[in-house]
Each structure stands twice: as C-alpha cells, then as structure tokens.
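Residue numbers (the numbering used here), protein chains in the order written: chain S, 1 to 312; chain Z, 1001 to 1745.
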C-alpha cells in the first residue's frame, strides 16, 4: 500500500479522517444508531430519510452485526460485529463520484498509484423492500465501498434519488494500513502510551458472541421476541395520527421502525442458530419486509417525510 | 456531405451492457434519421465504460423536399366533404387540381413538404433515442426524471463538414449538447473540445482512452499472451472474460503476477473460477506442469511505479480469496474422506428444497437412485454402480466450495468422489450427469454417467409434468425444454434403446403420490388444529371454520380411476412434448417434420433412439429418386386400396396369389415383393432401417410398371381381388419403417 506521509496509522485515524472529510463537505455527522442492525443502511437516517422530498445529508459510523459471520476472532477478515461508514446525500449531487474519490484520498490513498474502478453491483435489500443501482468500488482489485443510487425504499419510489456510500471500515483500514489480520490492526495510535490493537478491543467479544450466536442463544426466546416485535410494530402503526393526549398529529414511524429493526436482528440470530429452513427463510424475510414497508408508509405521513398540512 | 458525431458520456456503464447499448444507439438513431429522410453512407458505434459513441459519415445535410399527391373527393362532392379533405391535406381550395378520370371529375391535392435541415432532425431523433433507450435496467438520479443506466453527464452532438463543425442544439432533462467530452477519469480528466470523429478519436487516445472495444480487447490479449510467453507460459483462453475486462477499462494495462505456492495444488477449475468470478483475472498455465501458476490482471491506467503498487494490491486480494477457496477445499476433503464420507452431505440435503411441491434434494436423490438402477441395464451400466453414482452425484451441493461457486457443481463432486475412494465411473457421473447443457454440448458416453443423466432428466421432467408446471411460451424457468432434448440426445447419440412410456408413467405416478401424500399430511394437521380450536376457543367461529375443514377433508379424497387417467394423460402429454423437442432438433439437422411424423406414427415411438433411426433412414431414402418415386407409387397403391376397401366394406390383407396374375408386369411385381420382403424382414428384426428402406426403394420400378400395364379394377372379380390383395402387400411392406401416408408431396 502506498500512502502519503501524513497518512493515518490506526483504525480510528481512518474513521476520524472520513468524519473530517464529510464534515468539510457539508454532511451532518451523526452518531451510530443505538440498536443492533445488520448494516448501516438500517439506521433511520438512511432508510427513512431517503424517503420523501426533504433534502438530507448525513454521515456516520454504524456498528453492524452479522451473527453468521462470527469466527471467534480467528478469521483474518470475518467478524460478527464490525463497523460500516455510511454517507447519504439527497438529492444525489452530480459530483458524487468525485466527492467519493476525494474521501479515499483523505484517508491516505495515493490516487496516482492505485487503480480505482467502478464495477457494476446492483444493491437490493429484500428485508427493507429496497433496491438501487450502482457499483462496488475496487481499489487494486479489492472491494472498498458500495456506491448506490437508491431507486426504491420500503416499496416507495425515491423522489429525489439519494446517493448512498458504504465503506466496510475494517477491510478498508486493513488495506490502507497494510495489515493482513484484522486482529493485528492498530486501533489507536501505535505510538500512544497505551497502544491498543483491534484484538485488544474486540477479540474477547468476538469469541463470546460467536459462542452465543451459534450455540447458546435461546431460540425460543428469540422466536418470541421476533413475534413480539412484529406485533408491537403493527400495534404502534395502528394508532391514529392524532395523539389523544396532546391533540397533536404525531405519526410514530420511528418507534415502529425500531421494532422492525429488532425483528430483523432476531431473524439474523435465529438464522445463525441454524433453526430456519430454506423455505422458512423467505417467509421470515417477507415478514420483516412487510414491517419495513408499513414504517415507510408511516414515515411519508410525517413532517420529516414530506407530509404537510397544505398538501393533506 | 457532412458527418455526424454523437457521444453520450455517463458514469460507469456495466461491462455486460456496453456492446448491446452501442448497437442500440446506432439502430435507434439511424432508423430515426432514415425514416425522416436523412440517409447516410456509413455508421459505426463504440463503447467504453463511460461513453457510447456513434459516428455517421456522408449524411445528407437536409432531408429532401417531398411532394405527395393525394386523391380527394369528386369535384361535385358536398362542400363539407371537400372542406374535410382540405383540412386533412393542409392546402387551400385554389391549390386543388381537378382531373378527369373514368370515375368522373376528381379533385387532387399536391402536398409539398419542404426538406428539413439535418440538425433539426438529429436533435429530435437523438432526444427520442435517449428518452426511450432500451437499457436492461435503468435509474433516475438527483432531482431528475430522465432514466439512464447510470447518471448521464454530457451529450456531444456535432455535425461537421469541410466548413467546420456545428453543435446540434439539443437539451435533454437539463443536459445541453456541446462539442466537448472528457478523457480518462484519472489520467486526463479535463474537458476536450473536438471537431469531428477523427479529431475525437485521436484526442481521446492522447487523453488515455481507447474508444474501440475491439481494439482494447485485442491489445489486452496481445499483451497478456506476450507476458505469459515471456515466462514460458500461456494464457487460458476466455472470450467472455476478455470482453468483460475490455468493458471495465478505457486504458488497458496488463499486469502479470504469481500465485503463491500454497494454492498451486487446488484444482485448476477452482483457481480459474475464483480468479475469474471474483477478480476478473486471466489464468496463466505452465504447459510443463499443466498447472495454473500465474494470473493476469488488467489495470485501467499506467502509474509512475509501472503498476507495482497495483499488482501488489491485487496479489494480496487474490491471496485472501484463494485462502477462502483452500479453506473450503480442505474442509470438503475432510468430510469426503471421513468415515461417513459424502453421505454426510446427502443427509444435509434433506433440509434443502429442490422445489416446494417436489420435495427436497434428498428425496430427489432417492428417486434418481431407483431410476438409475432401472435404466442401467438398458444402457450397458452395472445397476449397483449406477445406483451408487446417483446417490453421490448431487452430494457436492452441500459442500462449501459449491456453496461459494455454484458453477462448480458436479465437477467438485467428481473430485470429492475420487477422494472418497469411489470408482472412476461414479466420480465421472457426478460431473457428467448434468450434461448436456445445451443443444451443442456433448452428451455423456460412459454407461454409468448415461444412466444417471437419464435418471436425472426423467425425474425432473416427470416431476414438473406431475404438478402441471410445463413450459409455456417463452417461460421455461426450470429449463425443461433443455432437459427433454438432453434426454433424447443422451439416448440416441449413444444408440441406446430406452423405451420411455413405462418409465414416464411410473415416475409421474410416484411424483403424484408424493405430492398427494404431503398434501394429506398437511391437511390432517390443519384439520386437527382447527377442530381443537373449535373445541377450546369460545371465540372460534364455527360458521367460518367448518367449511374450511370440509374443504380440506374433500381434498384428501380422490377417485382412483381419475388418478390413473390423469397420470396416463400427463405421461402421453410428456411423450408428445419429447417428440416436439425432437422434431425441432431434427429439423435443424435437415430432417423434414412430415418424415418425423411418419415415424412417430409407428409402434414403439417412446423409444427415441428407434424413432431417430427410422427418421434418418427414411430421410436418406427420400433424398434419392427411387425413394421419392416409391412414395408416389405407394400412395397410388394405398389410395386405390383404401377406396376399394371403403366401397367393398372389407379389408384386403391376405391371399394374393401369383397364379391369378394375368400380366407380366403383375408377375414381376410379385417377384419383386418376394425379393424385397426377403431383405426387409431380417433387416427389420435387426432394426436396420437403412437396409429395409433401400430394399423398399427397389420396388419403385416394378410398382410403376404394374400401374402402367395393369388395370386394378378388372371386370373379373377374382382378378380384381387378387390385385387388391397384391396392393395390400405393398402397403404392409412399405409401412414397416414409417407410416408413409404421412409423407407430404
């Protein structure tokens, strides 16, 4: 890896460089969503905010969980808990590709020595009822980001279209830092008084969660929680728009969507426990998708989702 | 005459769509121009990852002026009719011409359309082309409504001649056409202004863009071959990959790197597939070792370090990929060579659905094993071995490698079967039983592979017939047409006689029973639950639930005779489908459909090998004069005979005796029939249809001679009867190979 002299030397330096870069380009730097999600796209700042006509620009780190990918911290690049960096801009600006390439430069990739390619990769999330067209971005044959123009989310056509960038932070950082095993990656500055590696921070939890995800999680509890979350989500959305206490119009799209996220995560855990057959899988995904669509329907009935007194 | 240059510059177009898109652009624009009267001498279209380009030479500078004469009403027609005509033609009354015709005085209008300047037409046609472009998938972006494959950034549209170049005034969804483009994204990102195609192509090349995809592909192949040759190796040919890679770069730079020693023992197909699918790398083979030892990647740029950084990065990514592949390979081998061996995988397949009505992969394997055993003796395979092969043929579907690379199914199975100590025939069947994958793909030839391949196809076809999911129109999601032709070709190309009628109807009955059994099981459970609900839940509504329960119960009762009839009807329909696929295939090989029909009309038409043999023999014979004339003679004999049989109400089928013959030609026909029959009988027993047909063809002369000399309908009843019985001998001999009444002409 060829890097510039002021290049980042740790995992966190790369995250900070991305935060700084997107802040300079006008994004609201949000914090991670406080729930277990499978990818940064699930953050309501992406899923819900890509709906409706209101302009939006946000960037954030999102811890993401994929229980089936756990390898007890032994695989060089597979983790059940990892970080994604997510950028969403609506409407997508005409220079989004250039902005994106600028972000690679900002984390120390020397654009004169590398081969950056945009390779077709259409994105689809069956659980979110969403799809878009775009690319996976390759740096010297390595996939470093997903680049997507959202066309539909929660069953709604996107007008205007959002541009979404997703960086797999560990993989990208390992590449930039020239590290072969994720656990060897410096987490903070290697010259800090107490230098920590990725293993120091996450080896313990990877082991614990891998055991829990694969063998210990109580499937009856998970199943019940899935069904509770599903019922809860519907219950929230069944409430009338008008709040009887305050008399205000309050459509509760976000609380309902939290339950949708919860159901989705429960499904992922059940899947990792190997108790979902191939045929059932489709049915579960369909159930989560139905919730996501209902939440999207609700969000476009909120002010943030573009609803207004005049239009209604 | 002027030239036209169009470039549509966008974000990266998927490689697989570029070629077709360039062709579509050319077609849409040139069709539109020609329709508007703007002809041209020459057109060429090009594509790169970021642009579609169309260049026309020798285009008219304006569409020609046209004059159209339109016939109107009679001169004395009502005023309303004349006014209507004037409006339609867009002319005034004094512009009409009155002419005398045999039908009276008629008004004619001359409608003159002035020529239109090229720029105006081009602008209209191009806008339409952009708005209606047939991308397989297209998208919107930003606030816009235009759809393109990825965001469209600029339109270059120039008409140029000796006098210079003019931009065609055009705006599509906020994008205004101009005379500029951009070079390579990283090496020459600035705007370039051009004056015509030659200037454009040359400036692009200076800006690190090779416009012509063929030129890029040629350069890649040339440089790759040279690089491999320099280290005594050769690039594994892959035309699909070459075209794809040429669509991923504007400025190809070939880089070759080593594959680490750790991975050299992986099966070559695994290396190749992993490198091609994930990394778009070419494989480089060492002819001395037969192994794939290097890779070639194609970068989109030159760099100051001559690609060193890029190559190092690619090597690293490849290592990670191949570590995965090696991990899968070693895990799979561990399973295959364990005590339980591939059986572990077969068991796991009981959780994998093959089709929601037709059950799991494990159930499919059980059915295939029974079928393979039954088919084995017909194709010269050992029944035990065929059954064993069928049991492991699909085991690799549970392996980690096939999960990662589905296209390696079968092939991995054969590696693992060998590792598990199975016989070579069993291992080969795992790889070959999916074949043939298309009409030109080779069929398996090893007997065990043939047995398993036939079993797989019979089970698949009968399964989908049993549940009424036959191909319709262009829809054939389970590739049943391919399976049907594959079944037929595997049988007849191996010259194996496999009567299908029994196999098909039995197998449809088995599927039917399984499907029905599952339905009954599900219904039983549902009925139990509903009745429980009615007993225990006071809110349960008897009125709603009872009819549901009754309906479920009713579904579980069926009439045996109906089942038998329905199975037979499906079996007949499937056989007819097989015949249809065969007809299409043989027609492509020059065998007429009436010939095939004539053979299908014969007994034993469920043996497709026999059917094809008949058809080929008949087709060959009909290509000769004797053959063609024999048909005429046969038809004449058959017509006379049939008419007489209808008139007399009897069948003339026996007892022609030469002693009642009155004429030499008649006696000659008797002799010829005796001679032919002596040849045809034993030939038919040997299924040697060619010999039988050529013996039949010798009858042509005697039959013609007979009809020239003899009147069949003699006044003498005895003689007439004898002659009709003689014709009956012609009929029965000539229809031993095929029903010649079905031959046309």
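All C-beta atoms, glycine included, are put in the ideal place defined by N, C-alpha and C.
- Residue 94 (chain S) reaches chain Z at 1141, 1142, 1151 and 1153, counting residues in chain order whose Cβ is nearer than 9 Å.
- Between residue 1136 (chain Z) and residue 118 (chain S), the C-beta gap is not smaller than 9 Å, which leaves the two residues out of contact.
- Here residue 1309 (chain Z) carries a helix assignment [DSSP, helix/strand/coil].
- Residue-level contact by beta carbon holds for residue 277 (chain S) and chain Z, with a gap shorter than 9 Å.
- If you look at residue 1073 (chain Z), you'll find it isn't in any alpha helix (DSSP H); it sits in the beta strand (DSSP E) that goes 1066-1074.
- Setting aside the 5 residues that flank it on each side, residue 175 (chain S) is surrounded in the same chain by 1, 139, 142 and 144, each with a C-beta closer than 8 Å to its C-beta; the list follows chain order.
- With respect to chain Z, the C-beta atom of residue 135 (chain S) has a partner C-beta closer than 9 Å.
- Approximately 36 Å separates the beta-carbon atoms of residue 1065 (chain Z) and residue 1009 (chain Z); this is outside 8 Å, ruling out the contact.
- Residue-level contact check: residue 118 (chain S) touches chain Z, since one or more beta carbons of chain Z fall below 9 Å from its beta carbon.
- For residue 1193 (chain Z), the number of other beta carbons within 10 angstroms of its own is below 16, and it is reported as exposed.
- In the DSSP assignment, residue 1275 (chain Z) falls outside any beta strand (DSSP E), carrying neither H nor E.
- Within chain Z, 1140, 1141 and 1142 have C-beta atoms less than 7 Å from the C-beta of residue 161 (chain S), given in sequence order.
- Within the stretch 1294-1316 of chain Z, the residues whose Cβ lies closer than 7 Å to some Cβ of chain S are 1297, 1299, 1300, 1301, 1303, 1304, 1305, 1309, 1310, 1313 and 1314, listed in chain order.
- Residue pairing by DSSP places residue 1042 (chain Z) opposite Z:1057 in a beta bridge.
- Closer than 9 Å at the C-beta level to chain S, one finds these residues of the stretch 1014-1033 of chain Z: 1014, 1015, 1016 and 1017.
- Neighbourhood of residue 113 (chain S) in chain Z, by CB distance below 8 Å: 1303, 1304, 1305, 1309 and 1310, in chain order.
- Spanning the alpha carbons of residue 1057 (chain Z) and residue 1043 (chain Z) requires a straight line of approximately 6 Å.
- Along the stretch 1164-1194 of chain Z, going in chain order, the ones with a CB nearer than 7 Å to a CB of chain S are 1186.
- Annotated as proximal: residue 1054 (chain Z) and residue 1007 (chain Z), with beta-carbon spacing under 9 Å.
- The residue from S:247, S:222 and S:256 with its alpha-carbon nearest to that of residue 231 (chain S) is S:256.
- Using a CB distance below 8 Å, the part of the stretch 1351-1373 of chain Z facing chain S consists of 1351, 1352, 1353 and 1356, ordered along the chain.
- Burial state of residue 246 (chain S) is exposed, judged by a 10 Å Cβ sphere holding fewer than 16 other Cβ atoms.
- Rounded to the nearest whole angstrom, the C-alpha separation of residue 1174 (chain Z) and residue 97 (chain S) is 19 Å.
- In terms of Cβ geometry, residue 1352 (chain Z) and residue 1336 (chain Z) do not form a close pair [threshold 9 Å].
- With fewer than 16 other Cβ atoms from the protein chains shown falling within 10 Å of its own Cβ, residue 1590 (chain Z) counts as exposed.
- Within the model, the alpha-carbon separation for residue 1626 (chain Z) versus residue 1697 (chain Z) is close to 5 Å.
- Using a CB distance below 8 Å, no part of the stretch 53-72 of chain S faces chain Z.
- Of all residues in the stretch 171-205 of chain S, none comes within less than 7 Å of chain Z when Cβ atoms are compared.
- Using a Cβ distance threshold of 9 Å, residue 153 (chain S) and residue 294 (chain S) do not count as a contacting pair.
- Under a 10 Å Cβ-count criterion, residue 1494 (chain Z) is classified as buried, with 16 or more other Cβ atoms of the shown protein chains found around its own Cβ.
- Residue-level contact by beta carbon fails for residue 271 (chain S) and chain Z, as no gap is shorter than 9 Å.
- Boundaries of the beta strand (DSSP E) harbouring residue 58 (chain S): 56-65, taken from the DSSP string.
- Distance check between residue 1437 (chain Z) and each of Z:1392, Z:1490, Z:1001 and Z:1531 places Z:1490 closest, using alpha-carbon atoms only.
- Residue 138 (chain S) sits in a strand when the DSSP states are folded into three classes.
- Listed in chain order, the positions of the stretch 1239-1264 of chain Z with a beta carbon within less than 7 Å of a beta carbon of chain S are 1248.
- Per DSSP, residue 307 (chain S) has no beta bridge partner at all.
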